[in-house]
Structure formats: C-alpha cells, structure tokens
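Residue numbering for the sequence shown is -26 to -1, 1 to 586, as defined by mature numbering (1 follows the signal peptide of the UniProt record, and there is no 0).
See below for the structure under consideration.
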Amino acid sequence: MNSFNSYRDLTVISVVLLCSAISTHAANTTSYSPNSVQPEPLWSKVISTNSVNTDGGVFDESFAEQPQFTYNVVQVTVPKHIKINDINDYREIVLPAYSNMQIQLVNMARNGNNVGFALIQVNAYEFNVTLSYTKTIIDGSHLTGLNVGLILNQDGNLYAINTNPHEDIWISLVLMLYNKTAPLPGGCNMEFPVEVSPVMNLTLLESTIEVDTPPASVARQFNESCGKAELRYESYYLSMPSYDFSQKTYFNYIRNLISYANAKASGRLNNLTTAMPSIKRIYDRQIGRGMVFVTVVIDPVHRGFAAYVPVHSYACQPFLNIGGCYEFNIPIRIVGLIITIIMAAEIIIGFCPHVVKALICGGIVGLIGTMKFVQAWNLPVTHTELVAMLVLGTITCAVLFTVIAIYCPIATILICNVIVGYMICSIIYYGFYGNLFIHLYVTLILLLCGVGLGLLLTSIPAFLLANSFLFGAVALFYGVNVVFSARLHYSLRNLYHGVYEDNYQTVLSDSTLDINEIMACASFAIILSICIYLRVRCRLRENQVVPRGFWIPCGNHGSRTSLAILADDAFTYDHPTITRWTSGDDDVFESPATNARFFDRLRKFRRQRVPT
C-alpha cells in the first residue's frame, strides 16, 4: 500500500512538473515584443531541487531565478579608408538583459593618423542603457539614457551596460570619426558628470520640449579655454509619422540625423533663434509624434565641425500608457463624430437658428479677443486667472452678439463671416510657418485678412444667403479633425499657449502634414462635397426649374443654379435682394420687397404653367 501511495505521489509530481514547464515555456515565448525578433536570454537560471514529502503527500515546489551578468565583446574597427566627419560603422544589435557588453575600438593608431577623436554612440529603443569608460559603474565615468555617447582619442574600451534583469534592449552602435580641427562636442560641459559629454539634455514640459546642448570646446591642439572660442551652433530636427512607435522607424530617423551631412540633407533647420552662442532650443510638444533633434557645433576659425549625439522623444510614454499618446481620447473623438454629423445636417438643411450661431460666434470672438488683450498688455496672469478671464470674456461676447442678432440679423452674418475668414487665414498661415508668433505683426495681419475675407463673403449674395453653409463647414472641419485625432486645430491651440508662456515666439511648431492630417482634409472635402450636392438638390427642388444644359437629378423635376443656390435661414428671406430667374426665352429681373414674397411668386407661377 505504501509503495502504491509513493507511486501515486510521484505520478502527481510528474504531472505538476510537466504543467509547470509548459506554462513557463508559454510565458517566455509570449512575453517578447511583436515587432522585433528577440534572442534567447543569456542569463543562467538556478533551479532548486523539488522537495517531496512522501509521508504526508504534500508537494512543495520552489522556482528561483538568479540573473547573472553576461559579458560580450563587440569590436569596432577604424577602417583603412576613413570617411572623415561621417559614419564609419553602424550596426543594430541586441543588448541582452542584465549584461555588460565591451566595445573595443581598434586600429585607431594604425589607420587614424588624420583622426582627432572617435565618437561612439549607443541609441537604445524603449529602455535606458549605460555607456561607461569602466567595467563597473563609477561616478563621473558613465552616461545613462536612451541616446548616449562617449569620446575616445585612441584605441580603447567602452562598456554598454543593461541593468534591466528582465528586458533585452535593441541598440544601434555607431562609430563617428572626426578630423583634428573638429571642435569637441560637450568639451565645456558643466551639466553632465562626464567631463566631455557629447550628449544633449531633453526636458518635457506641459506644452513644449526644451533641448539643451552643453557648450563645446575647440580642438585640443589649439589650447583655447572655454568661453573664448567663436563657435556657432546649428540645430536640426525631424518629425516622425504620428503614432508610429515601431523600432524600425525609430532607428531610421535617428540615423538620418547622426552626421552633419545627413542632418543637412534630411533634417530641417531650426532658424527661430540665431546660430550664435544660444544653444537652447524650444519645440512645440506634439503628443504621439516622435521628434529627433541634433545640434551641430561649427568652428569657423579653424574650419571644423562636429555633431552631438541625436536625442529623441515621443512627447509621451507609448510603452507605459499608449492611450496618453493620442491627441484626443476615445470619448472626445466620439463627441467629434457627433459634431460632424450635426454640422453635415446643418449644411444640408440649415436647421440651426441664427441666434444660436450668433451665440457661438460671439463666444469665439470673446475667446480670441480676450487672449489678444492679455497678450497685448503683457498682463502677468497665472493659468487659473487666464482661464477665468477667458470664460468671462466668452460669456460676455456671446450674450452681446446674441442681442445684436435679435435686433440686427444682417450683423450676425457679417460677424460670422469675419470669424470664418480669420480661421481660414490662420490655418493657411499655420500650414506655412507653424508658429503664429514668429512675426511681429502677424496677429494684426491675420485679423485684417479675416475681416477682408469676411466682408468679401458678405458682399457676394450667394454667400450672404449661405450663413449656415459657412458656419457648418467650419464646424465640420474641426469635427473631422477630432475624429482623426489630427492637428489641424493647432493654429488656435498655439494662440492659447502664446498668451501665458514666455518667449513663445522662439518655440518651433512643426506644421508638416502627416497621414492623419491628410486623411482628415480628404474626408472633410468628400463630406463637404456630398453635403453641397444634397443642399443644391433639396433647396432648388423647392424653388426653381432647371433648363436644358445643367441637370441635377431630383425626382421628376430638375434644378438649376442661381444667386440663391445656397439660401437657407428663414430670416435671410425677409431681406431684399435682386434675383435673376430665367425660363425659356424670357429674362425676368425681380426686385421684390422680400425674398419670401419672390419665392412665393415663383411657386405660384409653377402651378399656373400649362404643360406643352
């Protein structure tokens, strides 16, 4: 009986061990990132022996992992035919979990007679790495981050250390060789622990990204002290596709800015600040859109240059909170979809009363006007005070414009058209320059252009009678923008940030259209075209008959164009207008007291016609 119990216990133990092994294997094979091929972990696992109590039949299993450092050696060779001031070695490799990789620089003495220094860069994907002069981490000898680099003047060793015991890290290893007149990037560094730190410091703020570059020094052979050299700094950047957090895109865009030649060919120059001593650059923070930055130091006296290690940011944390990397979350995008549907209906049938439009347009005027007032007078307000002022200004102007709309409807049309003109002008300007504050009188110019465009729209009878069309089109534009989580609203967003942020005129806001913006614009154009077609078909089916030559199918009758093609709101029919209507060989010009009476005459005429 005892032997049977022992046999039964051993069977149970075997089954449990088998299940444990299967579950462990499944966990290991499913924990890797889907967009990269992960190598087999190189640390050793110490597994204790399973203890079994055969008397009581109790199974006690213990499984412990003890990660141990693994050491690899990667040799970086200075080639015989050197590409000076350029990339001489580039490779993408895996830094195993909890490992220390030795990077050996060789043949510097043999082939590097014309080389001043070698810059070895390590760009890590997703997780930080440590690049050190020593095998162990010692203060003042290492840099830690996603984009790090150190300088060697001769053959020697560097160490890339992954202190994460659970994650393998993909890295790009780059060898840059510079001539003897090239300035030393980070040679006058006072910020980082390493004496010569060719890296940049990136700081994420609420709405901006600050990129600080430690000062450089001239080549060591010239023996000039820090602060006395006439060095220039040029800053380049690249914007990645929105919401693209893939490893391939990450490494490709960084490689495009590693060297000065690549930066000039592929990057975009930040020219908002001078190229002289200022080495701090500020960029607009576009959540979910990766950006790569690099600074190039130029010595015009000795004719040398060198690039720092590029730095990168997604302006969010895609690997920890992917939802926070989208411009608009799901609930807001649903609201945008609802607004899109409502505004499409407004364009087609014009159901929204003019008083409501005046209320909304008045609120927009109050919002923009309050921001401009605060900016013009340079009022020192906090964010809370600014919000309170904006709410008060919005409510005041909304009520005022509503009262005006009740007693003077034509003024409402004029105001709405001016608002439409201002938004159109600001969007066009943002598409070329991005920042609305980089020119001194840009706000005044946009306002005058908006007023001019608004007066032009008001002076054209077709648009005078199409208030709901313009109003709905603008609202439709921003509704579609929210649905696609695009950035077509940044012209208004930057206007808000420019009020309470100091020196916002130095902030570079990249206005490059991305796939989301292109899809949003295309969808807006398609939806607007459909709405216009339905509007023409439904409106002119009521009012007129289309002669031969321009037919729009609408049941058994046709439709035709006229100056009243977009007539909508009931109150606009109560104002005089000169309308031309033709039928057959007769041209009839009517100047009735009101549009409503004129259209009544048209309907009576149609009923009195005798078919031939």
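Ideal placement from N, C-alpha and C gives every residue a C-beta, glycine not left out.
- Contact between L420 and Y407 fails: their C-beta atoms lie close to 11 Å from each other, not under 8 Å.
- Boundaries of the beta strand (DSSP E) harbouring L147: 143 to 153, taken from the DSSP string.
- Comparing alpha-carbon positions, the option among V266, Q260, T110 lying closest to S485 turns out to be Q260.
- I183 is positioned such that its CB atom lies closer than 7 Å to that of Y257.
- For the pair E301 and S459, the Cα-to-Cα distance works out to about 6 Å.
- In this structure, D142 sits away from V48, with a CB-CB distance that is not shorter than 7 Å.
- A156 is positioned such that its CB atom lies closer than 7 Å to that of G278.
- In this structure T344 is buried. Its beta-carbon is surrounded by 16 or more other beta-carbon atoms within 10 angstroms.
- Secondary structure at H463: coil, using DSSP grouped into helix, strand and coil.
- Membership of E359 in the alpha helix (DSSP H) is indicated by the continuous run 357 to 381.
- If you draw a straight line from the Cα of C335 to the Cα of T137, it comes to about 57 Å.
- In the structure shown, F279 falls within a strand segment according to DSSP collapsed to helix, strand and coil.
- Excluding residues up to 5 positions away in sequence, T368, C371, A372 lie with their Cβ nearer than 7 Å to the Cβ of G337 in the same chain.
- Apart from sequence neighbours up to five positions away, the residues of its chain that approach S233 with a beta-carbon distance below 8 Å are N59, D60, I61, M150, A281, ordered along the chain.
- Taking C-beta atoms under 8 Å as the contact rule, F375 and I384 fail to qualify, at a distance of about 13 Å.
- R65 sits exposed, since fewer than 16 C-beta atoms from the chains shown fall within 10 Å of its C-beta.
- Linking V148 to I135 through their CA atoms gives a straight-line distance of about 16 Å.
- If you draw a straight line from the Cα of F347 to the Cα of T358, it is about 16 Å long.
- Taking C-beta separations shorter than 8 Å and ignoring five residues to either side along the sequence, the partners of Y227 in its chain run L212, M214, G264, V266, H286, following chain order.
- Here K202 carries a coil assignment [DSSP, helix/strand/coil].
- For the pair of segments examined, the segment 476 to 492 was found not to touch the segment 500 to 514: the number of CB pairs separated by less than 8 Å stays below three.
- By the beta-carbon neighbour count (other beta carbons within 10 angstroms, threshold 16), L502 is buried.
- Taking P292 as the centre and dropping the five residues before and after it, the same chain places the C-beta of F219, C299 closer than 6 Å to its C-beta, in chain order.
- No Cβ-Cβ contact shorter than 7 Å links Q78 with Y133.
- Rounded to whole angstroms, R255 and S73 show a C-alpha spacing of 35 Å.
- A494 and S171 have their alpha carbons spaced roughly 43 Å apart.
- Sequence-distant partners of A318 (beyond 5 residues in either direction) whose C-beta falls short of 7 Å from its own C-beta, in its chain, are L450, I501, C505.
- Of the other Cβ atoms in all chains shown, 16 or more fall within 10 Å of the Cβ of H328; this residue is therefore buried.
- Note on geometry: alpha-carbon atoms of V448 and Y470 lie some 19 Å from one another.
- Going by beta carbons, L126 and A92 fall inside the 7 Å limit.
- A direct Cα-to-Cα measurement between I112 and V283 gives close to 22 Å.
- In chain order, A449, G453 place their CB closer than 7 Å to the CB of I313, counting only its own chain and leaving out the 5 sequence neighbours on each side.
- Looking at W144, L158, F196, the one whose alpha-carbon comes closest to that of K222 is W144.
- Take the alpha-carbon of G428 and the one of R467: they are about 22 Å apart.
- Per DSSP, Q221 is one residue of the alpha helix (DSSP H) stretching across 221 to 229.
- The DSSP-derived three-state label of V96 is strand.
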